[in-house]
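Throughout the sequence shown, residue numbering follows my numbering, covering 25 to 264 in sequence.
Note that CB positions come from ideal geometry on N, CA and C, so glycine has one too.
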Amino acid sequence: MAETVVAVPTLVHSVTPGRKVPKPKNAAERKRRLLQILDELDRLFPDVTCALRHGDAWQLLVATILSAQCTDERINKVTPGLFQKYPTIEDFANVSQEELANDIRSTGFFNNKARSIIGAARKILADCDGQVPKTMDEMLTVPGAARKTANVVLGHSYGIASGVVVDTHVQRITQRLDLTKNTDPVKIEQDLIKILPEDRWILFSDQVIHFGRQICIARKPRCASCPLDPICYAKDKTLV
Ligand code: SF4
């Protein structure tokens, strides 16, 4: 899926230092603050979805495996040719690891990724009637599919809210916004599952990923353009 470009706020204001923003004092205030965050994400990114181009669940699984340690932009350049060369799961099951690794070389970690993709294709053909599974438990038996990959595929291909995708953007921003104190993605996901309404699990990650690319960027967040500034007490806010 192509990167969704949305209009982000251009109004530049004076950033409130994080230490001057009051922290929520109780559960009710935390809930109110979370709803404000969700409302702003809805306003900024009403129609976003997964940025990886794909035609079906299998292609999304392949693209997600490839996206580890690589940009979605790079993956979207590689996958059209890849899916043209290997149009079926059987094609991926039958290709040699060396050949597939060569095809996906530009995505990095190509030997591991080729092994995972071939293993996933063989597993799905052997044990899942040739269909990408629709449950988390089954997905986790597929080579290359940990929770993040499984959540991406289940959420975007089947509309199944199995959990919350925690990538590097979600990890960083939920920490900055104090929605979690954890650093481990699996624990962050459990924290988010507890506080987010289930019907937000899929959309939340897509919105936060776009928010992380366009506003709350890793090295220098654009706090002066961020509508969450009045409720953000992150220590690494950019004041100028
Ligand atoms: S850009 Fe990030 S760090 Fe800056 S105010 Fe917004 S949420 Fe907070």
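query, result
"Supposed contact pair V177 and V156 - C-beta distance, whole angstroms, cut 8 Å", "6 Å"
"H180 - DSSP class collapsed to helix/strand/coil", "helix"
"Separation of N126 from V102, as counted between CA atoms", "12 Å"
"Simplified DSSP assignment, three categories, for P254", "helix"
"Inter-stretch contact (C-beta, 8 Å, three-pair minimum) for the segment 227-246 and the segment 56-70", "yes"
"Any residue whose CB is nearer than 6 Å to a heavy atom belonging to the ligand SF4, listed in chain order", "R200, L201, I239, C240, P245, R246, C247, C250, L252, D253, C256, A258 and K261"
"Host alpha helix (DSSP H) of K218 (start-end)", "P209 to I219"
"At least three beta-carbon pairs within less than 8 Å, the segment 75-86 to the segment 242-251", "no"
"For K109 and D202, the rounded distance between their alpha carbons", "45 Å"
"Presumed contact (8 Å Cβ cut-off) between G168 and S140, rounded CB distance", "3 Å"
"A51 (DSSP reduced to helix, strand or coil)", "helix"
"Under the three-state DSSP convention, the category L58 falls into", "helix"
"Among R98, I99 and A145, nearest to N118 - alpha-carbon criterion", "A145"
"Alpha-carbon spacing of P48 relative to R54, whole angstroms", "5 Å"
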